[in-house]
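Taking this note's numbering, the leading residue of the sequence shown gets 21, the next gets one more, and so forth. Glycine included, C-beta positions come from ideal geometry on N, C-alpha and C. Notes follow the structure.
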Amino acid sequence: MQEQITQLVGQAQKILVIQADNPDADSLGSSLALEHIVGDLGKDVYMYCGVDMPTYLRYLTGWDRVRNELPSTFDLSIIVDASTYTLFEQIEKGGNWGAIRSKPAIILDHHTVVEKPLDFASVSLVDSAYASTGELIFELARTNGWRVSKDAATHIMSTILGDTQGLMNDQTTARTYRAMADLTDLGANRPLLEEIRREYSRMPESIFRYKAELIERMEFSAGNRIAHVAIPQAEINEHSPHYNPAVLVQFDSLQVEHVEISIVFKIYDNGKITGKLRCNYSAPIAAKLAEHFGGGGHPHSAGFKVTNGRPFNEVKSECIEFAEQLLNNLEQEQPDETLQHTNT
Ligand SMILES: [Mn+2]
21 MQEQITQLVG QAQKILVIQA DNPDADSLGS SLALEHIVGD LGKDVYMYCG VDMPTYLRYL
81 TGWDRVRNEL PSTFDLSIIV DASTYTLFEQ IEKGGNWGAI RSKPAIILDH HTVVEKPLDF
141 ASVSLVDSAY ASTGELIFEL ARTNGWRVSK DAATHIMSTI LGDTQGLMND QTTARTYRAM
201 ADLTDLGANR PLLEEIRREY SRMPESIFRY KAELIERMEF SAGNRIAHVA IPQAEINEHS
261 PHYNPAVLVQ FDSLQVEHVE ISIVFKIYDN GKITGKLRCN YSAPIAAKLA EHFGGGGHPH
321 SAGFKVTNGR PFNEVKSECI EFAEQLLNNL EQEQPDETLQ HTNT
């Protein structure tokens, strides 16, 4: 598999790096790290994402080189941090899968995919044992003897910090710490990175006040084990360009007594409903709950999207009921079995 990747990269001159429509620090950091790593091999890199980079990610130097149109020509595509069709609506809408399928493609990802996996790649390097796609890219670069510059190391460190919430969740392994040490040796500076990130994630006063509204509206179900709130289209329009509304309350709500999972629904005018799921350490049910609605993710962090026009109240009650069921099942499992679940 490694050899095939080496060969495909070696043969290509113009390489298209593709992120899904839900960019985060991992997908953007992976793109930018690849830009440096394969750029240093003398390749031309074109970075694509179907949507604009959210403001909170703009601390990653080079974000503005990511385009939302596909290039007219390329020799190879590398898809990072996603491997399901459902996360590429913009490519679907633009009718652009044909162009991508007509060239060799490499998928680099760490999500276990259940629904509509991308099925055309020449090589898929998908391994959920990695904390971030960037960590996987780091290992790939080292195996291949590709140079990892200070800039590339900094971007890779950002992918790890993003997906592990600062090395705090259980995707963090011993290898992740070793990678962090090696990246530090290569010149990445974590304290500096944190400072820049914090500066870029400052919120306008209006958002700070909106946070209070969301807290006020938060509901608690199943003996306060499930916290949930819904964000309608009007609020998405007003606030999303400035800040991701879910982030405002989701982590705080997990700190409320008895809460094990926090769900932020978004309700769009076109009938689409999304659910962003975050769980506490003791309740790794996020991926299973997301899969129930055709989504996916990790045990403590996952999401889903419902596009079949079902009314929100129906989706909401089914989601809360199923979450409660998963939480109850968790209690019946042996403690060491629970541990295994978290080790995905
Ligand atoms: Mn990721």
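Cβ neighbour criterion (16 or more within 10 Å) applied to residue i
i: S321; result: buried
i: L212; result: exposed
i: D46; result: buried
i: N348; result: exposed
i: H278; result: exposed
i: Y68; result: buried
i: T163; result: exposed
i: V100; result: buried
i: L359; result: A caution first: L359 carries a pLDDT of 46, below 50, which makes its placement in the model too unreliable to give a value.
i: Y263; result: buried
i: V276; result: exposed
i: A254; result: exposed
i: T106; result: buried
i: N88; result: exposed
i: F271; result: exposed
i: S302; result: exposed
i: D356; result: Only weak support is given to the placement of D356: the predicted model assigns it a pLDDT of 49, under 50, and the value that follows is read from those uncertain coordinates. Exposed is the call here.
i: D44; result: buried
i: A66; result: In the sequence as presented, Ala is not what sits at residue 66; that position holds Tyr. Classification for Y66: buried.
i: N244; result: exposed
i: Y366; result: It is not possible to answer for residue 366, since the shown part of the chain is limited to 21 through 364.
i: A201; result: exposed
i: E55; result: buried
i: P252; result: exposed
i: D183; result: buried
i: Q24; result: exposed
i: Y220; result: exposed
i: R298; result: buried
i: T204; result: exposed
Residue i - partner residues in DSSP beta bridges
i: G13; result: Missing from the structure shown is residue 13; the chain here goes from 21 to 364 and no further.
i: A247; result: F240, S282
i: A161; result: A161 is not bridged to any residue.
i: P265; result: In DSSP, P265 forms no bridge with anything.
i: Q39; result: C69
i: P252; result: I287
i: V100; result: L128
i: K34; result: D64
i: P137; result: T104
i: V58; result: The partner list for V58 (beta bridge, DSSP) is empty, contrary to what the question assumes.
i: V143; result: I126
i: R87; result: Y68
i: H318; result: S321
Residue list, Cβ distance to ligand 1 heavy atoms smaller than 6 angstroms: D46, D101, H130, S152, T153, D183
contact_flag[the segment 105-116, the segment 140-150] where n(CB pairs < 8 angstroms) is 3 or more: no
Inter-stretch contact (C-beta, 8 angstroms, three-pair minimum) for the segment 226-240 and the segment 86-96: no
Meets three-Cβ-pair contact criterion under 8 angstroms: the segment 157-176 and the segment 53-70: yes
Three-pair Cβ contact test at 8 angstroms for the segment 184-191 versus the segment 69-79: no
Segment contact flag, the segment 39-54 with the segment 172-183, C-beta cutoff 8 angstroms, min 3 pairs: yes
Contact the segment 285-296 vs the segment 321-330: 3+ CB pairs below 8 angstroms: yes
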